[in-house]
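Student:
Number of protein chains: 2
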Amino acid sequence: MHAFDILGDPVRRRLLELLADGEQAAGDLGSVVQQEFGISQPAVSRHLRVLREGGLATVRVDGTRRHYALEPAPLREVDAWLAPYRHFWEQRLDALGTELARGARARRQDTNPKGETP
Amino acid sequence: MHAFDILGDPVRRRLLELLADGEQAAGDLGSVVQQEFGISQPAVSRHLRVLREGGLATVRVDGTRRHYALEPAPLREVDAWLAPYRHFWEQRLDALGTELARGARARRQDTNPKGETP
DNA sequence: CGACAACATCACAATTTGCTTATATAACGA
DNA sequence: TCGTTATATAAGCAAATTGTGATGTTGTCG
Chain A
1 MHAFDILGDP VRRRLLELLA DGEQAAGDLG SVVQQEFGIS QPAVSRHLRV LREGGLATVR
61 VDGTRRHYAL EPAPLREVDA WLAPYRHFWE QRLDALGTEL ARGARARRQD TNPKGETP
Chain B
1001 MHAFDILGDP VRRRLLELLA DGEQAAGDLG SVVQQEFGIS QPAVSRHLRV LREGGLATVR
1061 VDGTRRHYAL EPAPLREVDA WLAPYRHFWE QRLDALGTEL ARGARARRQD TNPKGETP
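Line by line, the protein sequences are chains A and B. Each residue of the first sequence is one higher than the one before, counting from 1 in the numbering used here. Each residue of the second sequence is one higher than the one before, counting from 1001 in the numbering used here.
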């Protein structure tokens, strides 16, 4: 299953948002998501499984608890897929952005002269 | 339908890739995608409809042709959703990246090389 | 040992999705 | 006007997804 498919579900997106703050027990993730979406515990468990199988989360077993952690690699791929479109909303920055991502370590001395925020 | 749902389909992702190069007639998009995925014309038409209804593409009618163009706004939202995760793979670059996004104005000299009007 | 807690899996129903074939619509050109 | 081209819509079907209630499976603890 492609990362985009996995991200298609709002429950799973929420789970990933929760995981962005760091490792969380399945039960803790569950209570949040069950409340917010009105779904059952097995439903949450299934979503967690999809995240696992899609490589978006890893589990650490600790006694009877399962601690889930974010695995960023697939998100990175999504980010990479998005790269060619980024210039549509960052038109004048993409050239420099590419360079940046490649490792050019900024010989910047005059960045953001007007101090603007988008 | 959320942008992530729309991006979940490989045919639609391919269509967007083709549209990244600029406006394309439905037929041209179709011939590429039909060949690559072995699907029929109605199938492609349906995918184009999903892109339209999801706000990812717009159509310009020209006689019997329909020219599709990319509408980047939803992709931008996806990009924004991804932002909180980006530091997982760009740890030492994100500070500069932020600064960049805020208005650093690249010494660009090659804008709009083909002289196209949007 | 026995009961409870934390999670996973099973079995099945309801939707949803994506494809195909057939057909409709509309503009063009002879 | 008629046939052709370009594209969309409709009808029907198969497969995948997501949910629920029931039931496992392991640890933990008194």
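Virtual Cβ for every residue (Gly too), placed ideally from N, Cα, C. All figures in this text were calculated on a predicted structure; none of them were measured in a lab.
1) Apart from the five residues on each side of it in sequence, which residues of its chain come closer than 6 angstroms, Cβ to Cβ, to Ala69(A)?
2) Applying the criterion that 16 or more other CB atoms from any shown protein chain within 10 Å of the CB defines a buried residue, is Asp62(A) buried or exposed?
3) Shortest alpha-carbon distance to Leu1018(B) belongs to which of Ala1080(B), Glu1036(B), Ala1003(B) and Phe1004(B)?
4) Please list, in chain order, the chain A residues whose beta carbon lies closer than 8 angstroms to that of Pro1072(B).
5) Let me know if Arg1107(B) comes out buried or exposed under the rule of 16 or more other beta-carbons within 10 Å of its beta-carbon.
6) Report, in whole angstroms, the separation of the C-beta atoms of Ala1003(B) and Leu1082(B), which I expect to be a contact under 8 angstroms.
7) Classify Arg60(A): buried if its beta carbon has 16 or more other beta carbons within 10 angstroms, exposed otherwise.
8) Could you tell me which of Glu90(A), Pro72(A), Gln91(A) and Pro84(A) sits nearest to His1087(B), measuring between CA atoms?
9) Looking at Val1033(B) and Arg1014(B), is the spacing between their C-beta atoms short of 7 angstroms?
10) Given Ala1104(B), which residues of its chain have a CB within under 7 angstroms of its CB, disregarding the five upstream and five downstream residues?
11) Hey, Ile1006(B) and Gly1055(B): beta-carbon distance below 7 angstroms or not?
12) Looking only at its chain, what residues have a beta carbon closer than 6 angstroms to the beta carbon of Pro1084(B), apart from the 5 residues adjacent to it on each side?
13) Take Val78(A) and list the residues in its own chain whose beta-carbon comes closer than 6 angstroms to its own, dropping the five residues that flank it on each side.
14) I'd like to know if Gln1109(B) contacts chain A, where contact means its C-beta is closer than 7 angstroms to some C-beta of that chain.
15) Check the Cβ of Val11(A) against every Cβ in chain B and list those closer than 7 angstroms, keeping chain order.
16) How would you label Gln109(A), buried or exposed, when you count the other beta carbons within 10 angstroms and need 16 or more for buried?
Tutor: Here's the rundown:
1) Glu23 and Thr58
2) exposed
3) Glu1036(B)
4) Tyr85, Phe88 and Trp89
5) With a pLDDT of only 38 at Arg1107(B), under 50, the local geometry of the prediction cannot be trusted, and no value is derived from it.
6) Going by Cβ atoms, the distance from Ala1003(B) to Leu1082(B) rounds to 11 angstroms, so no, they are not a contact pair.
7) exposed
8) Pro72(A)
9) yes
10) Note on Ala1104(B): pLDDT 45, under 50, position unreliable in the model; the coordinate value appears next. Counting only Cβ-Cβ distances below 7 angstroms, and skipping sequence neighbours, we find nothing.
11) no
12) none
13) Ala3
14) Unreliable positioning characterises Gln1109(B) in this predicted model, as indicated by a pLDDT of 34, which lies under 50. The coordinate reading is nonetheless provided below. Chain A contact via Cβ: absent.
15) None at all; the shortest Cβ gap to chain B is about 12 angstroms.
16) Reliability fails at Gln109(A), whose pLDDT of 37 lies under 50, so the model's placement of it is uncertain and the value that follows must be treated cautiously. Burial call: exposed.
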